[in-house]
Amino acid sequence: MLADQRSLWQKSWGLKLVACVLAVMSCWADAASFDCGKARGEAERAICADPTLSKIDEELAKQYKDALKLMGNGGARFNAFRANQAAWLKERARCGGTLPCLSELMKDRIDWMLSPLHQISGEYSSDRLSIVIVHNGNTHKPLVRIYGSRKPSDQTLMGSELQAKWVSAQANKLDGEDSVQVTPMWHAPHRALDGQCSALRLNFGSDGLLNLIVNPGCPLLKSSGGSQSLEFRFVKPDFMSASSPR
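This is the structure in structure tokens:
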């Protein structure tokens with residue numbers, strides 16, 4: 052009798068233990084933004100094992116997908132942004148299983164994703180001019196440089212703005228597009244443009260297109276038949292990476 056009871060108790064305990072293990076494995080497998088059953092490296096295994104890191108990783112994955120959607124799911128800027136994310140994942144792997152390093156790096160990356168300036172940073176080219184936009188890490192505002200040729204390396208700097216203004220499409224009542232508003236300082240030998248070209252707009256459309264719109268009376272585009280706008284295409288990114296692992 053006692054032997055039978057012991058056997059039943061052992062079977063019951065064994066079933067409960069298996070159920071608990073399966074439940075833990077299920078939670079572990081559902082953690083993070085990737086399949087934890089296929090986790091590779093110390094960093095991914097640490098993320099799967101820690102609920103807090105798993106939540107941060109899920110939020111990061113959401114912000115990444117949202118950023119890609121804003122870029123139209125295709126084109127040069129889209130591909131460059133994907134390549135930047137792949138490079139960042141290699142950077143994250145350097146943290147290994149160190150939880151504070153992973154947490155700080157992923158939180159920084161989420162902040163990075165939330166800034167549209169990182170997504171539009173890069174070099175844009177037209178048939179005559181080129182524009183470079185960089186996220187100013189000190190002011191968190193766009194730094195804009197305008198060059199007098201299709202490639203910045205071929206021409207001296209015409210004008211620049213260290214603290215241009217970002218205006219989202221929702222807030223842009225004039226054009227309804229994401230825009231950077233520029234009040235440039237013109238450099239020699241283009242200082243004659245001071246006062247004449249004092250309010251430029253860089254509007255961002257789909258497929259990596261940028262439209263430069265100048266204020267009335269600005270002669271910057273005079274060779275374009277009197278047009279007040281000029282279209283630029285995205286050439287290459289100038290993404291500022293998130294913080295490196297400590």
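Quick note: the sequence shown uses the working numbering, first residue 52, plus one each step.
The beta carbon of each residue, even a glycine, is placed where N, CA and C say it ideally should be.
All values reported here derive from a predicted model rather than from experimental measurement.
Nearest-angstrom beta carbon gap, residue 114 and residue 157 [assumed within contact, 8 Å]: Wrong, their Cβ atoms sit about 10 Å apart, outside the cutoff.
Contact set for residue 173: own chain, Cβ-Cβ below 8 Å, skip 5 residues either direction: 128, 131, 183, 184, 285, 286, 287, 288, 289 and 290
Beta strand (DSSP E) segment containing residue 106, residue limits: Looking at the DSSP string, residue 106 is not in any beta strand (DSSP E); the run it does join, the alpha helix (DSSP H), is 102-121.
Beta-bridge partners of residue 194, as assigned by DSSP: 185
Residue from 187, 186, 191 and 212 with nearest C-alpha to residue 198: 212
Contact under 9 Å by Cβ, residue 201 with residue 180: yes
Residue 158 - partner residues in DSSP beta bridges: Residue 158 is not bridged to any residue.
Reduced DSSP secondary structure (H/G/I, E/B, other) of residue 272: helix
Check whether residue 187 and residue 214 have beta carbons under 9 Å apart: yes
Buried versus exposed call for residue 176 [16 or more other C-beta atoms within 10 Å across all chains shown]: buried
Through-space distance from residue 151 to residue 283, alpha-carbon basis: 42 Å
Cross-strand partners of residue 229 (DSSP beta bridge): 255
Residues near residue 144 in its chain [Cβ-Cβ closer than 7 Å; skip 5 each side]: 92 and 94
Alpha-carbon to alpha-carbon, residue 192 and residue 220: 17 Å
Which listed residue (86, 171 and 140) has its alpha carbon closest to that of residue 123: 171
Rounded C-alpha distance that separates residue 84 from residue 108: 6 Å
Residues that residue 285 bridges to, as DSSP identifies them: 175
Residue 245 versus residue 265: straight-line alpha-carbon distance, rounded: 13 Å
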